[in-house]
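Only one structure is covered here, and it is reproduced in the block below.
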Amino acid sequence: KRVVVLISGRGSNMQALIAATMDPSFPGQIVGVIANKPDAPGLETARRHDIAAIPVDQKAYDSREAHEAAVLDALAELDPDIVCLAGYMRLLSATFVQRYAGRLINIHPSLLPLFPGLETHERALAAGMRIHGCTVHFVTERMDEGPIIAQAAIAVEAGDTPDTLSERLLRAEHRLYPHALKLILDGTVRMTNGRAVVESRR
Ligand code: GRF
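Numbering-wise, full-length UniProt numbering puts 93 at position 87 of the sequence shown, and it's gapless, one number per residue.
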């Protein structure tokens with residue numbers, strides 16, 4: 007199956023997906039990476055792996071709609087089965103989300119439905135959480151609210167700062183995202199009537 011990753015920056019989750027998909031037994035391949043910023047470091051990483059790395063510079067378009075239409079065109083060209091958002095820092099329109107409904111997934115650095123949005127590590131610490139985590143979910147029209155595919159939790163340690171916490175969580179993200187992608191690609195989890203349904207293995 008064909009997988010495209012959308013990024014805005016560093017692309018470490020994208021890199022974890024690339025690494026996982028290089029295993030011949032993995033049920034999908036990354037056929038392209040699209041970034042809304044031409045200087046996203048992840049683009050270079052993708053190129054090093056001989057993956058089509060396509061900048062669609064948001065500054066080159068007059069409106070959010072025009073930029074998104076260009077992203078949709080680039081995506082159509084790559085003809086993905088699954089689209090993975092990995093640190094893609096732009097909200098997607100209803101049109102976009104509906105076009106890829108059930109085939110569009112995102113990783114978010116909190117245990118959703120706790121802490122949607124930004125600064126999740128700061129907020130987990132401020133709330134006195136003893137665990138923190140990450141979530142891979144289907145993308146729906148409401149930000150960070152789609153049905154949950156997979157989650158991983160880590161312990162909050164004494165002395166943790168947002169930086170130490172995010173660094174430790176990032177390692178969990180890198181394990182979780184390939185795992186969750188595999189669940190989608192092999193049909194173990196799918197979105198039906200707005201819910202994530204897990205195939206029972208009896
Ligand atoms: C990750 O923390 C991810 O959970 C969030 O944005 C960050 C992206 O990091 N959505 P990277 O670009 O994958 O390194």
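Note that the Cβ used here is the ideal one computed from N, Cα and C, for glycine as well.
- With a cutoff of 7 Å, Pro-115 counts as near ligand 1, since its C-beta is closer than that to a heavy atom of the ligand.
- Of Glu-151, Ala-164, Ile-113 and Arg-129, the smallest CA-CA separation from Ala-158 is found for Ile-113.
- Beta-carbon to beta-carbon, Gly-38 and Ile-57 are separated by about 6 Å, close enough to satisfy the 8 Å threshold.
- When DSSP states are grouped into helix, strand and coil, Gly-15 belongs to the coil group.
- When C-alpha distances from Gly-123 are compared across Arg-8, Leu-182, Met-95 and Val-162, the shortest belongs to Met-95.
- When Val-89, Ala-72 and Lys-43 are compared, the shortest CA-CA separation from Pro-184 is found for Val-89.
- For Ile-137, the uninterrupted beta strand (DSSP E) segment begins and ends at 137–144.
- 8 Å or more divides the Cβ of Ala-75 from the Cβ of Glu-147.
- Cβ atoms of Ala-92 and Met-149 stay farther apart than 8 Å, at about 16 Å.
- Judged by the Cβ position, Arg-16 qualifies as a neighbour of ligand 1 at the 7 Å threshold, a heavy atom of the ligand being closer than this.
- Comparing alpha carbon positions, the residue from Ala-202, Val-62 and Ile-36 closest to His-143 is Ala-202.
- Sequence-distant Cβ neighbours of Ile-137 in its own chain, meaning closer than 8 Å and more than five residues away, are Leu-117, Ala-159, Ile-160, Ala-161 and Val-162.
- In terms of side-chain proximity, the C-beta atom of Ala-92 is found nearer than 7 Å to a non-hydrogen atom of ligand 1.
- Remark: the C-beta of Leu-78 is outside contact range of ligand 1, defined as less than 7 Å to any heavy atom.
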